[in-house]
Structure formats: structure tokens, C-alpha cells
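Residue numbers (the working numbering): 15 to 213. The block underneath contains the structure these notes are about, expressed in C-alpha cells.
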Amino acid sequence: MGRPRATSPAVLERRAFELFARRGFDETTVDDIAAAAGIARRTFFRYFASKNDLVWGDFEGQLRRLRALLDEAGPSTPTMDAVRRAVVGFNRFDPQEVPWHRQRMELILRVPTLQADATLRYASWRMIITEFVATRTGAPASAPVPRLTGHLVLAAAVSAYEHWLEGGDQRALSDLLDEAIRHLGDGLAAVLDDAAPAS
């Protein structure tokens, strides 16, 4: 057996988030994070390709989870109901994880250095919604309705997150997401009905 790892992705994230809260994201270096976790700089890069990647955590794994949640929807479930349930379920967290998730999203949505990265990652998230709607409507993912739905669902989710982070509303994040996507679904219902393949 080899030597046990001195840390884990979760431990590195916690140490980094503590530093970000005290010093700021831009002012904290990979060397600072490694030192706080008691590891060498090169060990940091075994877990994350960059400081930006650390903020996003296991993003690829989360995308697979979102796709799996969408795939759970039965064929008789209306498209936007399936999307709403999947996105709300995707954003449910253990209560102990909520403060860390709040800090993660504050960084992603508010730190200018992370915005270019966010654009690329949001495109991947949005495409999962787009492809799901494309499959439901029988249209290609490049068609207007699936593409529009992907963009709008992402906008609704980001809007709910921004409202949650402001802290004035005491409702749970899942409730805010449910409400935002429910309103969106009401508006898109006729469009999706028209786009659905004839039975």
C-alpha cells in the first residue's frame, strides 16, 4: 500500500474558502492554500488544475448528476415539470453544507476573475437542459425552442441564486428555484406544446 493522502478535495476547498473569506479570492495564492492545508504546492495540483477549478469543485461530476436527475423523469411528466424537479433536486444540500455552498456561489457570481470561467461552465450546464428539451420535442439541440429553454432556465436559476445570496428572503434556495422555474414553465408551456412531436 502507498502512503495515505495527506488531504482531500473537500479539505482543500474548506481551507481555501477560509482564506478567501479573510483575504479575498484574488489575494490568496495556491501557495497560501497549500500551506494552510499542510501540503506541498505540487500536491495541490493533484486535486485541482487551478485555483479557479477549486471554487467549482467536482463540476463534471455535478453535470453528470444533473443529467441523471433529468433522465429520471417519466415520459408522461411535462417537460418543464421535469426540468424544475431536476434543477431543484440538483440544488438540495445537506444543511451542514449550505454555508460552504453559499460561499462558493458568492465567489462564482461576484468575483470578476471567475466570470470568464463561469461563462464556459454555464454553457455546459445549459447544454444539458437544451439537450433534454431537444429530446422531448424531437428537435435538434440547435433548434430555437430547446436553445431558448436552456438559456431561460439558466437565467431563472441564476436569478434565484442572486436573490438567495442577498439574504433578505428567508426561504430556502430550493423554494426560490422552484418558484422561478415554475413561473418560467408557465410562460413556456404553450411554446413547448407547439414544439412537441405529434402523438
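Every residue, glycine too, gets a C-beta built ideally from N, C-alpha and C. Quantities reported herein were computed from a predicted structural model and do not represent experimental measurements.
Around the beta-carbon of residue 150, 16 or more other beta-carbon atoms lie within 10 Å, marking it buried. Around the Cβ of residue 89, a 10 Å sphere holds fewer than 16 other Cβ atoms; the residue is exposed. Minimum Cα-Cα distance from residue 116 among the listed residues 186, 198 and 41 corresponds to 186. Classified as buried, residue 27 has 16 or more neighbouring CB atoms from the shown chains inside 10 Å of its CB.
Taking 3 residues as the shortest admissible run, the stretch 142-168 contains no complete beta strand (DSSP E) segment at all. Exclusion of the five residues before and after residue 198 leaves 166 and 170 as the residues of its chain whose Cβ lies within less than 6 Å of its Cβ. Beta-carbon to beta-carbon, residue 203 and residue 94 are separated by about 7 Å, close enough to satisfy the 8 Å threshold.
Under the three-pair Cβ rule at 8 Å, the stretch 132-151 does not count as touching the stretch 44-53.
Restricting attention to 175, 146, 179 and 176, the CA atom closest to the CA of residue 164 is found in 146. Taking the Cα positions, residue 24 is about 35 Å away from residue 160. Residue 185 sits in coil when the DSSP states are folded into three classes, being neither helix nor strand. The residue among 35, 57, 45 and 102 with its C-alpha nearest the C-alpha of residue 21 is 57. When rounded, the separation of the alpha-carbon atoms in residue 107 and residue 156 is 32 Å.
Restricting attention to beta strand (DSSP E) runs no shorter than 3 residues, the stretch 60-84 encloses none.
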